[in-house]
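Chemist: According to our numbering, the residues represented by the sequence shown are 14 to 230, in order. Beta carbons are placed, not taken as given, at the ideal position from N, Cα and C, and that holds for glycine. Source: prediction; values computed, not measured.
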Amino acid sequence: MSRREAYVRPATIRSLSWFVGLVGVVAAVAGPVYAVNGATQAGAAVEVPVELAGVGDSGALDRVPLAVPDLPQGAAVAAQNQGDGLALSAWDSTIAEQLLARGDAVVLGLAVGVGAWLLRSVLTSVAAGRAFGTDNARRLNGLAVVVVVAGGIGPLLPQIGSLVVLDRLDLVGAGSPFVMGLTFGFPPVLLTGLLLVVLAEAFRQGERLSQDVEGLV
Numbered sequence: 014m015s016r017r018e019a020y021v022r023p024a025t026i027r028s029l030s031w032f033v034g035l036v037g038v039v040a041a042v043a044g045p046v047y048a049v050n051g052a053t054q055a056g057a058a059v060e061v062p063v064e065l066a067g068v069g070d071s072g073a074l075d076r077v078p079l080a081v082p083d084l085p086q087g088a089a090v091a092a093q094n095q096g097d098g099l100a101l102s103a104w105d106s107t108i109a110e111q112l113l114a115r116g117d118a119v120v121l122g123l124a125v126g127v128g129a130w131l132l133r134s135v136l137t138s139v140a141a142g143r144a145f146g147t148d149n150a151r152r153l154n155g156l157a158v159v160v161v162v163a164g165g166i167g168p169l170l171p172q173i174g175s176l177v178v179l180d181r182l183d184l185v186g187a188g189s190p191f192v193m194g195l196t197f198g199f200p201p202v203l204l205t206g207l208l209l210v211v212l213a214e215a216f217r218q219g220e221r222l223s224q225d226v227e228g229l230v
């Protein structure tokens, strides 16, 4: 038995598209504004994520602040969220350090903005009964690119900022209590991007079938 009743009414989809658009505008503005606000605070303390050499997932991370040897005056390391990660706070920050420390917010905000713009166009066509209309497959493929780029690049910027701060504090040489390097979180991001590409391919095939049917009419 075929199902004729719609799972979601067009009016609901249109309302959702407007909400998605609003979220995208807010995110696209808020991300860069947050970073610019940080740049105006150059000279004050900057906070960047760090990892201590030889410190694992033990209860040592629960101490706030942590006693780290050889830290210069005005610098301190503290555990965040009851041991979930460490942050280095250092005064006399530069504009570049402040921007890098908040760079993930900029990338995320812009990515949400672009993603919302692409998704809103898809939702609008679905509400109009043209789910397999022209360009929806391309929009979903673009959304996959946005997810991979944002998820791959965004988290790296604060880590690069931490290396810049550690270099300014002369804590990057031999004997440094901090771990040098970058941590990549690509697997989950790539999986999400791949699923979106598969969805885009399904829409591409739907578009081709729709065009074939129109050609027969």
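Do you know how far the Cα of leucine 179 is from the Cα of alanine 89?
Modeler: Counted from its first residue, the sequence shown places residue 89 at position 76. Counted from its first residue, the sequence shown places residue 179 at position 166. Their backbone Cα atoms lie some 12 Å apart in a straight line.
Chemist: Which full runs of the alpha helix (DSSP H) of 4+ residues lie inside the region 158–222, going along the chain?
Modeler: Assignment of alpha helix (DSSP H) within the region 158–222, counting only whole runs of 4 or more residues, yields 169–181 in chain order.
Chemist: Return helix, strand or coil for leucine 99, following the three-state DSSP convention.
Modeler: Walking along the sequence shown from the start, residue 99 turns up at place 86. Correct three-state label for leucine 99: strand.
Chemist: What would DSSP say about proline 62, mapped onto helix, strand or coil?
Modeler: Position 49 of the sequence shown, counted from the start, is the residue given in the question as residue 62. Note: proline 62 maps to strand in three-state DSSP.
Chemist: Go through the region 111–165 residue by residue and report every complete run of the alpha helix (DSSP H) that reaches 4 residues or more, in order.
Modeler: 116–140
Chemist: When DSSP labels each residue in this structure, what does valine 21 get in the three-state scheme?
Modeler: In the sequence shown, counting from the first residue as 1, residue 21 sits at position 8. Valine 21: coil per DSSP, three-state reduction.
Chemist: Classify valine 90 as helix, strand or coil using the three-state DSSP reduction.
Modeler: By 1-based counting over the sequence shown, the position of residue 90 is 77. If DSSP states are grouped into helix, strand and coil, valine 90 belongs with the strands.
Chemist: For glycine 142, count neighbouring C-beta atoms within 10 Å of its own C-beta (all shown protein chains included) and say buried if the count is 16 or more, exposed if not.
Modeler: As a working note, residue 142 is residue 129 in the sequence shown. The residue in question, glycine 142, is exposed, as its Cβ has fewer than 16 Cβ neighbours within 10 Å.
Chemist: With threonine 137 and serine 30 assumed to form a contact (beta carbons below 8 Å), what rounded beta-carbon distance in angstroms separates them?
Modeler: Translated into positions along the sequence shown, residue 137 becomes position 124. Translated into positions along the sequence shown, residue 30 becomes position 17. Yes, threonine 137 and serine 30 are in contact; Cβ-Cβ is about 5 Å, under 8 Å.
Chemist: Does the beta-carbon distance from valine 177 to alanine 129 come in below 8 Å?
Modeler: In the sequence shown, the residue the question calls residue 177 occupies position 164. In the sequence shown, the residue the question calls residue 129 occupies position 116. Not closer than 8 Å, so no.
Chemist: When you measure from the CB of leucine 121 to every non-hydrogen atom of the ligand MN, does any distance come out below 7 Å?
Modeler: For the structure depicted, the ligand MN is absent and the ligand set is empty, with no information on it obtainable.
Chemist: Between the beta-carbon of serine 106 and the beta-carbon of alanine 58, is there less than 8 Å?
Modeler: As a position in the sequence shown, residue 106 is number 93, starting the count at 1. As a position in the sequence shown, residue 58 is number 45, starting the count at 1. Yes. Within cutoff.
Chemist: In whole angstroms, give me the CA-to-CA distance for leucine 84 and glycine 51.
Modeler: If you number the sequence shown from 1, residue 84 lands on position 71. If you number the sequence shown from 1, residue 51 lands on position 38. Computed Cα separation, rounded: 23 Å.
Chemist: Express the C-alpha separation of alanine 187 and leucine 99 in angstroms, rounding to a whole number.
Modeler: The count along the sequence shown starts at 1 and reaches residue 99 at position 86. The count along the sequence shown starts at 1 and reaches residue 187 at position 174. Roughly 21 Å between the two C-alpha positions.
Chemist: When the Cβ atoms of the region 203–210 are set against those of the region 147–162, are three or more pairs found closer than 8 Å?
Modeler: yes
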